[in-house]
Amino acid sequence: MFGRFTGIQNSLLDQFWRLQQELEPLNSDGLSSAGGIRSAPRGTFPAINVVRTPEDVRVYLFAPGLDPKKLDVSIQQGLLSISGERQIAIDEKATYYRQERFGGEFRRVVSLGDDVDAERVEAKYRDGIVQIRLQRHASAKPRQIEIN
Amino acid sequence: MATNSSEIAGQKSPTAAPSQRERAMESAIGAPADIFEDGEGINLVVDMPGVSKERLEVRVDGDNLLLEGTVQFELPEQAEALYADIRSTLYRRSFVLSRELETEKIQANLKDGVLTVHIPKRMALRPRKIEVQGA
């Protein structure tokens, strides 16, 4: 089932898994003592993953069933804010046994650090994931310094 | 997408690192679901962001309905994980079906990471309106 994952994806999933191993004992009481001040408790909609490469920072929002045009994405002082609303249609005549899916307004804030270029941001939506790609400033990229 | 059950049941070397599959099994993401019933049948709506049609499995096994999907998203080279709410790549939910449901006629649809499943009730068991005869 995982045969089609590339080596890169596998190595990154390894990292996510290690993050889990590291964070999980702290989270057993439902409180995250190691999380950032703006991080949200587990299960908050939408779930977010963030990765960094030498060129950019990519934020993945696990936001199924959304109209991406209605998402409000803004960057200010190194903080990325994403807000929107997910409307869940309720069938008044039906009998509901479970209502676990999130419905309503949401807002999440991600701290990006100082080195992203707020002018060079692109976003796309596929299979319920919003990917926001933010270029990093050239000066923030690791450089090879030549020694004369 | 056939699951390789021998992979799960197969012998594991105690020293070997857990395979990607085993890790995912340990920590499958519980996809949130809405379930409701109307006169026609039962409907499930399940959030599975990042799952495409090719990576989704809807299976009836005996009286069990199994929903399984693997997440895939575009990851660049040299990526370093900074933060992760989602730390597994497998969504899994299963439900026990009941006898009045017509499992051969299950319909499933996936759009923007939302899976909708409709399980019709057998015709004979659908609620009927009974006419009350006046005197």
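First to last, the sequence lines map onto chains A and B.
Numbered by the working numbering, the letters in the first sequence go through residues 933 to 1080 in order.
Numbered by the working numbering, the letters in the second sequence go through residues 72 to 206 in order.
Don't be surprised by glycine CBs; every beta carbon is placed ideally from N, CA and C.
Helix, strand or coil at LEU168 (chain B) according to DSSP, with G and I counted as helix: Mapped onto the second sequence, residue 168 (chain B) falls at position 97. Under the three-state reduction of DSSP, LEU168 (chain B) is assigned to coil, being neither helix nor strand.
Assigned exposure category for LEU1066 (chain A) - 16 Cβ within 10 Å defines buried: For the purposes of this step, residue 1066 (chain A) is identified with residue 134 of the first sequence, where counting begins at 1. Label assigned to LEU1066 (chain A): buried.
ASP118 (chain B) versus A:SER1043, A:VAL991, A:ARG1018, residue with shortest Cα-Cα distance: Numbered from 1 along the second sequence, position 47 holds the residue referred to as residue 118 (chain B). The option with the nearest alpha carbon to ASP118 (chain B) is A:ARG1018.
Alpha-carbon spacing of ILE980 (chain A) relative to GLU173 (chain B), whole angstroms: As a working note, residue 980 (chain A) is residue 48 in the first sequence. As a working note, residue 173 (chain B) is residue 102 in the second sequence. The alpha-carbon of ILE980 (chain A) is positioned some 38 Å away from that of GLU173 (chain B).
Whole-angstrom distance between LYS200 (chain B) and GLY1060 (chain A), CA atom to CA atom: Numbered from its first residue, the first sequence carries residue 1060 (chain A) at position 128. Numbered from its first residue, the second sequence carries residue 200 (chain B) at position 129. So the alpha carbons of these two residues sit roughly 41 Å apart.
Delimiting residues of the beta strand (DSSP E) encompassing SER885 (chain A): Nothing about residue 885 (chain A) can be reported from this structure: the residues present for chain A run from 933 to 1080 only.
Chain B within 8 Å of PHE994 (chain A), Cβ atoms only: Stepping through the first sequence from its first residue, residue 994 (chain A) is reached at position 62. Interface residue, yes.
Exposure label - ASP105 (chain B); buried when at least 16 CB within 10 Å: Here residue 105 (chain B) refers to the residue found at position 34 of the second sequence. Classification of ASP105 (chain B): buried, given that the 10 Å Cβ count is 16 or more.
PHE107 (chain B) and THR1027 (chain A) closer than 8 Å at C-beta: Here residue 107 (chain B) corresponds to residue number 36 of the second sequence, with the count starting at 1. Here residue 1027 (chain A) corresponds to residue number 95 of the first sequence, with the count starting at 1. Yes, Cβ-Cβ distance for PHE107 (chain B) and THR1027 (chain A) is below 8 Å.
Under the three-state DSSP convention, the category ASP118 (chain B) falls into: Start at 1 with the first residue of the second sequence, and residue 118 (chain B) comes out as number 47. Shown here, ASP118 (chain B) sits in a strand according to DSSP, grouped into three states.
GLN143 (chain B) burial status per 10 Å Cβ neighbour count (16 or more: buried): Numbered from 1 along the second sequence, position 72 holds the residue referred to as residue 143 (chain B). GLN143 (chain B) sits buried, since 16 or more C-beta atoms from the chains shown fall within 10 Å of its C-beta.
Alpha-carbon spacing of LYS1056 (chain A) relative to LEU993 (chain A), whole angstroms: Residue numbering aside, residue 1056 (chain A) sits at position 124 when the first sequence is read from its first letter. Residue numbering aside, residue 993 (chain A) sits at position 61 when the first sequence is read from its first letter. If you draw a straight line from the Cα of LYS1056 (chain A) to the Cα of LEU993 (chain A), it comes to about 10 Å.
Environment of ILE1077 (chain A) [buried if 16+ CB atoms lie within 10 Å]: Position 145 of the first sequence holds residue 1077 (chain A). Taking all protein chains in view, the Cβ of ILE1077 (chain A) is surrounded by fewer than 16 other Cβ atoms within 10 Å, so the residue is classified as exposed.
LYS1025 (chain A) at chain B interface by Cβ criterion, 8 Å: Translated into positions along the first sequence, residue 1025 (chain A) becomes position 93. Yes, LYS1025 (chain A) lies at the interface with chain B (some Cβ there is under 8 Å from its Cβ).
ASP946 (chain A) in three-state terms, based on DSSP: Taking the first sequence and counting its residues from 1, one reaches residue 946 (chain A) at position 14. If DSSP states are grouped into helix, strand and coil, ASP946 (chain A) belongs with the helices.
Contacts around THR976 (chain A), its chain only, beta-carbon distance under 6 Å, and the 5 residues preceding and following it disregarded: Taking the first sequence and counting its residues from 1, one reaches residue 976 (chain A) at position 44. Once the five neighbours on either side are set aside, THR976 (chain A) has no close Cβ partner at all.
Residue from B:ARG158, B:ILE190, B:GLN149 whose Cα sits closest to the Cα of LEU137 (chain B): On the second sequence, position 66 is the one that residue 137 (chain B) refers to. Relative to LEU137 (chain B), the option among B:ARG158, B:ILE190, B:GLN149 whose CA is nearest is B:ILE190.
Chain-ordered neighbours of GLY112 (chain B) on chain A, where CB pairs are closer than 7 Å: Indexing the second sequence from 1 puts residue 112 (chain B) at position 41. The premise fails here: GLY112 (chain B) is roughly 10 Å from chain A at the closest Cβ pair, so nothing lies under 7 Å.
Members of the region 125-154 of chain B that neighbour chain A once the beta carbon cut-off is set at 7 Å: Listed by position, the residues of the region 125-154 of chain B near chain A (Cβ gap below 7 Å) are THR141, PHE144, GLU145, LEU146, PRO147, GLU148, GLN149, ALA150, GLU151, ALA152, LEU153, TYR154.
Under 8 Å between C-beta atoms of VAL983 (chain A) and LEU161 (chain B): Translated into positions along the first sequence, residue 983 (chain A) becomes position 51. Translated into positions along the second sequence, residue 161 (chain B) becomes position 90. Taking 8 Å as the cut-off, the Cβ atoms of VAL983 (chain A) and LEU161 (chain B) do not count as close.
contact_flag[the region 1007-1016 of chain A, the region 1036-1043 of chain A] where n(CB pairs < 8 Å) is 3 or more: Touching, yes, given that three or more Cβ pairs across the two stretches are closer than 8 Å.
Short Cβ contact (8 Å threshold) for GLU1051 (chain A) with PRO103 (chain B): Translated into positions along the first sequence, residue 1051 (chain A) becomes position 119. Translated into positions along the second sequence, residue 103 (chain B) becomes position 32. In this structure, the beta-carbon distance from GLU1051 (chain A) to PRO103 (chain B) does not fall below 8 Å.
Cα-Cα separation, LYS192 (chain B) to ILE177 (chain B): Position 121 of the second sequence, counted from the first residue, corresponds to residue 192 (chain B). Position 106 of the second sequence, counted from the first residue, corresponds to residue 177 (chain B). When only Cα atoms are considered, LYS192 (chain B) and ILE177 (chain B) end up about 10 Å apart.
Beta-carbon contacts of LEU998 (chain A) that lie in its chain and below 7 Å, excluding the five residues immediately before and after: Numbered from its first residue, the first sequence carries residue 998 (chain A) at position 66. Here the set comprises GLY1016, ARG1018.
Within chain A, partners of GLU108 (chain B) - CB distance below 9 Å: What you label residue 108 (chain B) is simply residue 37 of the second sequence in a count that begins at 1. What GLU108 (chain B) touches in chain A: ALA1026, THR1027, TYR1028, TYR1029.
Runs of beta strand (DSSP E) wholly within the region 1039-1073 of chain A (minimum 3 residues, chain order): Qualifying beta strand (DSSP E) stretches, in chain order: 1048-1058, 1061-1068.
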